[in-house]
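The structure appears right after this line, and notes come after that.
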Amino acid sequence: GAVVSQHPSWVICKSGTSVKIECRSLDFQATTMFWYRQFPKQSLMLMATSNEGSKATYEQGVEKDKFLINHASLTLSTLTVTSAHPEDSSFYICSATGTGAYEQYFGPGTRLTVT
Amino acid sequence: GQSLEQPSEVTAVEGAIVQINCTYQTSGFYGLSWYQQHDGGAPTFLSYNALDGLEETGRFSSFLSRSDSYGYLLLQELQMKDSASYFCAVRDDSGGYQKVTFGIGTKLQVIP
């Protein structure tokens, strides 16, 4: 089946620093990638949708200058949390779909802790 | 915008059948998906319904009624490993582009 990886699995950083999270589709071409954040015992909140080679579409309330998304190729998307604050601590999950597909394949998630 | 409603918690006995309902409000509806997520893990895809009716995949079945904006996930012969959160998710283009919005999730606890 389709596999999506994320790196790193977890990261601890200090306030004010930036963190980059990578999302890769390992065995298929991901025309669309989604970025979610999930707080404990809550649902997945869509942050942005990105298509290869174009700018990401951010959901209302998500700061595009703070959460930089780049979908440079059909197998790689990155999320950079800039000037991180403790309230950015969360579980960040990416997912990917192929052309015309409806099934989302999720990465294992990245747990970010900002101290 | 979109909204989805599903129960927050359900408890069922091992070997029994449980149904998790989901109602939604959206425009530009494409389909309804179901995902399973164990604590600390990532969601995994269970099913997708674009048309009315029942889709069966092993012990799991999913139903959709587009006219009622309603769907459900049916889990049969429950096993302890089925204890997890189950999310319904709507695929639509109400914002001018296709995206998927998740419900709050239903935490299923299977007891012996």
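So the protein lines, in turn, are chains A and B. One gets our numbering by counting positions in the first sequence from 1 and adding 903 to each. One gets our numbering by counting positions in the second sequence from 1 and adding 1 to each. The C-beta atom is built at its ideal place from N, Cα and C for all residues, glycine as well. This structure is a prediction, so every number in the text was calculated from the model and none was measured.
Considering only C-alpha positions, which residue in the set A:A999, A:T1018 and A:L1015 is nearest to A:F1009? For the purposes of this step, residue 1009 of chain A is identified with residue 106 of the first sequence, where counting begins at 1. The candidate whose alpha carbon is nearest that of A:F1009 is A:A999.
Quick one: what's got a C-beta closer than 7 angstroms to A:E925's C-beta in the same chain, skipping five residues either side? Here residue 925 of chain A is taken as the residue at index 22 of the first sequence, counted from 1. Here the set comprises Q909, H910, L979 and T981.
B:D83 in three-state terms, based on DSSP: For the purposes of this step, residue 83 of chain B is identified with residue 82 of the second sequence, where counting begins at 1. Three-state DSSP puts B:D83 in a helix.
Nearest by alpha-carbon distance to A:T951: which of A:G1001, A:Q1007, A:G1012 and A:F970 is it? If you number the first sequence from 1, residue 951 of chain A lands on position 48. Correcting the residue identity first, residue 951 of chain A is Ala in this sequence and not Thr. Among A:G1001, A:Q1007, A:G1012 and A:F970, the Cα nearest to that of A:A951 belongs to A:F970.
Under 8 angstroms Cβ to Cβ from A:T1002, same chain only, skipping five residues before and after it: list those, please. Position 99 of the first sequence holds residue 1002 of chain A. Here A:T1002 has Q932 and T934 as same chain residues with Cβ atoms under 8 angstroms from its own Cβ, once five neighbours each way along the sequence are excluded.
Is A:I996 close to chain B, meaning its C-beta is less than 8 angstroms from at least one C-beta of that chain? Position 93 of the first sequence, counted from the first residue, corresponds to residue 996 of chain A. For A:I996, a Cβ of chain B is located within less than 8 angstroms of the residue's own Cβ.
Would you mind giving the Cβ-Cβ distance between B:G16 and B:N50, rounded to the nearest angstrom? I have them listed as a contact below 8 angstroms. In the second sequence, residue 16 of chain B corresponds to position 15, counting from 1. In the second sequence, residue 50 of chain B corresponds to position 49, counting from 1. That belief does not hold up - the Cβ atoms of B:G16 and B:N50 are roughly 26 angstroms apart, past 8 angstroms.
Name the chain B residues that come within less than 9 angstroms of A:P1011, Cβ to Cβ? In the first sequence, counting from the first residue as 1, residue 1011 of chain A sits at position 108. The answer, in chain order, is G42 and A43.
To which residues does DSSP link B:V11 through a beta bridge? What you label residue 11 of chain B is simply residue 10 of the second sequence in a count that begins at 1. According to DSSP, B:V11 bridges with B:L109.
May I have the straight-line CA-CA distance separating A:S953 from B:F88, to the nearest angstrom? For this step, residue 953 of chain A is matched to residue 50 along the first sequence. For this step, residue 88 of chain B is matched to residue 87 along the second sequence. Answer to the nearest angstrom: the Cα atoms are 22 angstroms apart.
8 angstroms contact criterion, which A:S921 and A:T983 should meet: CB distance rounded: As a working mapping, residue 921 of chain A is identified with position 18 in the first sequence. As a working mapping, residue 983 of chain A is identified with position 80 in the first sequence. Right, the Cβ-Cβ distance comes to about 6 angstroms (below 8 angstroms), so this counts as a contact.
Please tell me whether B:V11 has its Cβ less than 8 angstroms away from any Cβ of chain A. Here residue 11 of chain B is taken as the residue at index 10 of the second sequence, counted from 1. For B:V11, the answer is no, since every Cβ of chain A falls outside 8 angstroms of its Cβ.
Taking the beta strand (DSSP E) that A:K923 falls in, what are its first and last residues? Sequence index remark: in the first sequence, residue 923 of chain A carries index 20 (1-based). V922 to S928 is the extent of the beta strand (DSSP E) around A:K923.
Please classify A:S986: is it buried, with 16 or more other beta-carbons within 10 angstroms of its beta-carbon, or exposed? The residue you call residue 986 of chain A lines up with position 83 of the first sequence. A:S986 counts as exposed, since fewer than 16 other beta carbons sit within 10 angstroms of its beta carbon.
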